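Student: Right, I'll just put the structure down here and ask away after.
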Amino acid sequence: MEQENISCTPPEIREAAANAVNILLPAKSKSIYDKEYNTFDSWCLKMCVKTISENVLLAYYDEMSKTKKSSTLWASYSMLRACLNVYKNVDISKFARLQGFLKQQSIGYQPKKSNILQSSEIDRFIQEADDLPYLAIKVMLIIGYVGACRRDELLNMTVDDVKFRDEIIIVNISKTKTIHQESL
């Protein structure tokens, strides 16, 4: 039935639909998603899998669970869910046993705690560090701490994005997630 619909659809419409579907994966991390999909695809070829089913995915994730942490399994599931939906039109979010398996793998998992600065350490740095060499760092720390911009936006900032004018500091954020240029 699906093949019948494809042959009745004009080529321009099929191409437009393919282009629309291709933007469903996040542009920034498309290569990571594709790598995850290719790993699964290679595993399917190695195991002679012809059709993607819940049992196939359970076997794949069972094999992965022997060497990967549950957080990695969930990240892989999320990427594979998006890719299979886009590339194969398969919705694995409806596979309840697979989700149950992944939840079972998460039992007892203790995530690593990130090293973060405490409020007291930030306050001490802002109060005690000399302004002359550290003023720009202090400004960036305050912007990051109060949540004025995202992690990537801070990372992509350059010295040219910060302008000191008399009593004010103008910070220009040119590469934003929402694609709108902002100034603080």
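All letters in the sequence shown, in the order written, are residues 1 to 184 by this note's numbering. For glycine and all other residues, C-beta sits at the position ideal for the given N, C-alpha and C. Bear in mind that the values here come from a model prediction, so they are computed numbers and not experimental data.
1. Return yes when the Cβ of residue 32 is within less than 8 Å of the Cβ of residue 79, no when it is not.
2. How many angstroms separate the CA atom of residue 140 from the CA atom of residue 160?
3. For residue 188, collect the residues of the same chain with a Cβ closer than 8 Å to its Cβ; drop the 5 residues on either side in sequence, then sort them by chain order.
4. Taking only runs that begin and end inside the region 94 to 136, name each unbroken beta strand (DSSP E) of 3 or more residues, in chain order.
5. In whole angstroms, what separates the C-alpha of residue 100 from that of residue 114?
6. Which same chain residues, not among the five before or five after residue 168, have their C-beta less than 6 Å away from its C-beta?
7. With the cut-off set at 8 Å, would you say residue 73 and residue 105 are in Cβ contact?
8. In three-state terms, what does DSSP make of residue 88?
9. Which same chain residues end up closer than 6 Å to residue 138 when comparing Cβ atoms and leaving out the 5 residues on each side of it in sequence?
10. Can you tell me whether residue 1 is helix, strand or coil according to DSSP?
11. Tell me, to the nearest whole angstrom, how far the beta carbon of residue 84 is from that of residue 52; I am working on the premise that it is less than 8 Å.
12. Please look up how many angstroms separate the CB atoms of residue 25 and residue 82, rounded, as I've assumed it's under 8 Å.
13. Residue 164: which of 132, 145, 153 sits nearest, CA to CA?
14. Within 8 Å of any Cβ in chain B, is that where the Cβ of residue 62 sits?
15. Tell me the DSSP secondary structure of residue 191 in three-state form.
16. Take the Cβ of residue 142 as the centre, count every other Cβ of all protein chains shown within 10 Å, and call the residue buried at 16 or more, exposed below.
17. Give me the residue from 44, 71, 171 with the minimum Cα distance to residue 185.
18. Please go through the same chain and pick out, in chain order, the residues whose beta-carbon is closer than 8 Å to the beta-carbon of residue 88, but skip the five residues on each side of it.
19. Taking the alpha-carbon positions, what's the residue 146 to residue 21 distance?
20. Taking the beta carbon of residue 36 as the centre, do at least 16 other beta carbons fall within 10 Å, making it buried, or is it exposed?
Tutor: Short version:
1. yes
2. 13 Å
3. Beyond the ends of the chain as shown, which are 1 and 184, falls residue 188; an answer cannot be given.
4. none
5. 28 Å
6. none
7. yes
8. helix
9. 126
10. In this prediction, residue 1 has a pLDDT of 42, which is less than 50 and means its spatial position is unreliable; nothing more can be read from the coordinates.
11. 7 Å
12. 6 Å
13. 132
14. Protein chains in the displayed structure number just one, and chain B is not present.
15. Only positions 1 to 184 of the chain appear in this structure, which leaves residue 191 out of reach.
16. exposed
17. Residue 185 lies beyond the stretch modelled for the chain, which goes from 1 to 184, so this question has no answer here.
18. 52
19. 37 Å
20. buried
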